Structures are given as C-alpha cells and as structure tokens.
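Asks: Let me begin by handing over the structure; questions about it come next.
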Amino acid sequence: MEKDQTVHTAHAPPVRLAFRVSYLGNRFYGSQMQAASRTVEGEFVTACQRLSLFEDWRKAGFLSAGRTDRGVHARGQVIAFSTQAPDRARTVINTQLPPDLWCTAYADVAPEFHPRYDAKSRTYRYYFSKRPEAPGAMDRAARQFLGSHNFTNFARVKDKNPYRNILAARVAEEDGFVFLEVQAESFLWHQVRCMASALLRVGEGEADEGCIARLLESDAIRPLQPAPAEGLILWDTDCGLTWTPVTAEGQSGAFIDHLVRHHALLEKVCSVLKTRNP
C-alpha cells in the first residue's frame, strides 16, 4: 500500500504556485537571471533546486511579473513556478532564500498562470533622499501623467511602444520622506525614475508644474537622467490573486535590523565628523 501511494504521488500532476516576493536590491545585479551575476531570479531558482521543488526552471515554468534594475527593491514582486512538492514550497521556501530576499505570501494558481501577462497593474514608489522644497507642486504636476501618453521623453524606449496608461499618480509624505507613487498597466525601462527626476525639478523650483505636460506632448528630445535606483520600490503587482501569508524567516528580519542599526550608526558618525572641534 505504501509503495502504491509513493508511486501515485511521484506521478501526480505538478501544482502551480505564485509567491509574493520582497527583496533589498543593493546586492543584486537586477532581478533577471544572469549567468555570471547575483540576481533575484538566480537566487530564487537555486533555493528551489536545493529544496528539490524542480530540476529545470524552464520546464517548471519559472517566471517573474517583471524585471527590476540593479539596486531597485521590491515589496510586491510576483514569481510563479510549477512543482510536485507544493507543500514543501509553501512551508519552507524562506529557509533556503538569502536574508535580502524573502516571500511574504503564496497563492495556488491555474496551470497557465503567467505573472507578467496576467498582471492587471503594477505600482511603484520612489522615495526621494532629500525633502523637496515644494512637494505640493510635485503632487499637482504628477496628475498630468494620468491617462495614456507617449513617454518617449521619460524612458529608454528602444523598440518598445512608447505609450503607457497611467492609472494613478501622486506625491505624498511619510515619516519625513516625500515619495512618488504611480500605478500603470505596464512601464518602460527607467520610466518611473525619469518621472521622479522630472518631478524633483518641479519640487526644487527648477521647472514649473506645466513642464510635465510639455514633455509628454513634445517630440522626442534627449531623455531625462533617471533618479538613482536606490529610492525605487516595486510596491505591488496586482494579478487578481487572493494571497495566503507566509512567515518570513528570522534571518531576513535580523538582516534588516542590522542594516537599520548600521545606517543609524553611520549617520551618527557623519554628524560627529561634520561638527567642528571647539
């Protein structure tokens, strides 16, 4: 009886799972798989293989909802794959992931689920390192992004369709940091960082609020310099899923706490060094 049950389990059809994923982007060379560099997908695949969730990531249909550049963080990336060991994946995936990469929730999905093509929208937040002088003007200017526009002057377009539909855009403040939050069906390369760069010019009085509309309506000029990657977070990916929370391993929490203490210490050291001796 035990032998028959083992055989039946071994030949059970694979279950497709989606995971909501967070990561700190500082030590990743982006999210997309690269043979010679540390990436989010590479670390995730390695963890899955250590747990024997699959052997070949291609055959498992391993896919991400989108790509993030080097240094960009995520709170709501979505990664999906198929496995014949779904219980193991749901319960212990975080034990094999590095401390700067962890899952926060999972969902059982249909066999044909594709996190990129099934995503209804994506939301990004960009936190500005310095508080701009006029965040209210930035918020008013951000509303000009709403709707479908040609983002040639706000992105690295290459051979892509430059038109994107912005569903929501706002500038607000949280814990002393001003941020841009923007939601769209999809984004172009560097688009959010270029949008942030343009809005910062408004916030610092270097450009008027109408500059956004003019850039959206004008012919292609030299694209804006994107804002630094360190302030950008993939905030959410809406795939229409109902998520079940996953307990993150203590190593990720401890790692983040260490970073917070480290940066607080560095801030203190810089403050002391700036102070002139009596």
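Residue numbering for the sequence shown follows the numbering used here, starting at -18 and increasing by one per position. Yeah, the Cβ is synthetic: ideal placement off N, Cα and C, and Gly gets one too. Note that this is a predicted model, so its numbers are computed, not measured.
1. Less than 8 Å between the CB atoms is what I'm expecting for ALA149 and GLN164, so what's the real figure, rounded?
2. Give the C-beta separation of ILE60 and PRO96 to the nearest angstrom, bearing in mind that I take them to be a contact with Cβ-Cβ under 8 Å.
3. Please report the straight-line C-alpha distance between GLY47 and CYS251, rounded to a whole angstrom.
4. Let's see if you can read the secondary structure: which residues bound the beta strand (DSSP E) around ASP217?
5. Excluding five sequence neighbours on each side, which residues of the same chain lie with their C-beta closer than 8 Å to the C-beta of THR63?
6. Indicate whether ASN134 and PRO204 have their beta-carbon atoms separated by less than 7 Å.
7. Quick one: what does DSSP say ILE147 is sitting in, helix, strand or coil?
8. Nearest-angstrom Cα distance between THR32 and ARG69?
9. Applying the criterion that 16 or more other CB atoms from any shown protein chain within 10 Å of the CB defines a buried residue, is ASN75 buried or exposed?
10. Identify whether PRO204 lies in helix, strand or coil by the three-state DSSP scheme.
11. Rounded to whole angstroms, how far is the Cβ of GLU109 from the Cβ of LEU181, which I believe are closer than 8 Å?
12. Can the beta-carbon of VAL159 be found closer than 7 Å to that of PRO116?
13. Could you pull out every residue in the same chain whose Cβ sits closer than 7 Å to the Cβ of GLU22, ignoring the five residues on either side in sequence?
14. Just the C-alpha distance for LYS(-16) and GLN65, rounded to the nearest angstrom, thanks.
15. Which residues share a DSSP beta bridge with GLY128?
16. Kindly indicate which residue of ALA(-7), ASP37 and THR104 has the alpha-carbon position closest to the one of LEU161.
17. If you draw a straight line from the alpha carbon of TYR87 to that of MET176, how long is it in whole angstroms?
18. Would you list the residues sitting across from TYR10 in a DSSP beta bridge?
19. Determine, using beta carbons only, whether GLU24 and PRO113 come nearer to each other than 7 Å.
20. Which residue or residues does DSSP assign as beta-bridge partners of LEU(-2)?
21. Please go through the same chain and pick out, in chain order, the residues whose beta-carbon is closer than 7 Å to the beta-carbon of ARG1, but skip the five residues on each side of it.
22. Do you know whose CA, among ARG71, THR20, ASP189 and CYS29, lies nearest GLY52's CA?
23. By Cβ distance below 7 Å, which residues in the same chain neighbour LEU246 in space, the five residues on each side in sequence not counted?
24. Taking only beta-carbon positions, decide if THR104 is within less than 7 Å of chain B.
25. Below 8 Å on the Cβ atoms is my guess for LEU215 versus ALA55; work out the distance and round it to an integer in Å.
26. Could you tell me the distance, in whole angstroms, from the CA atom of ALA201 to the CA atom of MET119?
Replies: In this structure, then:
1. Their Cβ separation, rounded to whole angstroms, is 4 Å, which keeps ALA149 and GLN164 in contact under 8 Å.
2. Between PRO96 and ILE60 the Cβ distance is about 7 Å, and since that is below 8 Å, they are a contact.
3. The straight-line gap from Cα to Cα measures roughly 37 Å.
4. Residue range 213 to 219 is occupied by the beta strand (DSSP E) that includes ASP217.
5. Looking at the sequence shown, residue 63 is not Thr but Ser. If we look at SER63 and ignore the five residues flanking it on each side, its Cβ neighbours are PRO(-5), VAL(-4), ARG(-3), LEU(-2), PHE35, ALA41, GLY42 and PRO92.
6. In this structure, PRO204 lies closer than 7 Å to ASN134 by Cβ.
7. Correct three-state label for ILE147: strand.
8. The sequence given here places Leu at residue 32; Thr does not occur at that position. The alpha-carbon separation between LEU32 and ARG69 amounts to approximately 8 Å.
9. When all chains shown are included, ASN75 counts as buried.
10. Coil, per DSSP.
11. One detail in the question is off: residue 109 reads as Phe in this sequence, not Glu. So it is a contact: roughly 6 Å between Cβ atoms.
12. Closer than 7 Å, so yes.
13. Around GLU22: SER12, GLN13, MET14 and SER45.
14. With a pLDDT of 46 at LYS(-16), under the threshold of 50, the modelled position of this residue cannot be trusted; read the value that follows with caution. LYS(-16) and GLN65: Cα-Cα distance of roughly 17 Å.
15. ILE147.
16. Measuring C-alpha to C-alpha distances from LEU161 to each of ALA(-7), ASP37 and THR104 identifies THR104 as the nearest.
17. One C-alpha to the other measures close to 32 Å.
18. Paired residues: none, contrary to the question.
19. With contacts defined as CB atoms closer than 7 Å, GLU24 and PRO113 fail to qualify as a contacting pair.
20. According to DSSP, LEU(-2) bridges with PHE62 and ASP89.
21. The residues are GLY57, VAL59, CYS84, THR85, ALA86 and TRP224.
22. Ranking ARG71, THR20, ASP189 and CYS29 by Cα distance to GLY52 puts THR20 first.
23. Close CB contacts of LEU246 within its chain, under the 7 Å cut and outside five residues either way in sequence, are absent.
24. You won't find chain B in this structure, because it holds only one protein chain.
25. That belief holds up - the Cβ atoms of LEU215 and ALA55 are roughly 4 Å apart, short of 8 Å.
26. Pairing ALA201 with MET119, the inter-Cα distance amounts to about 23 Å.
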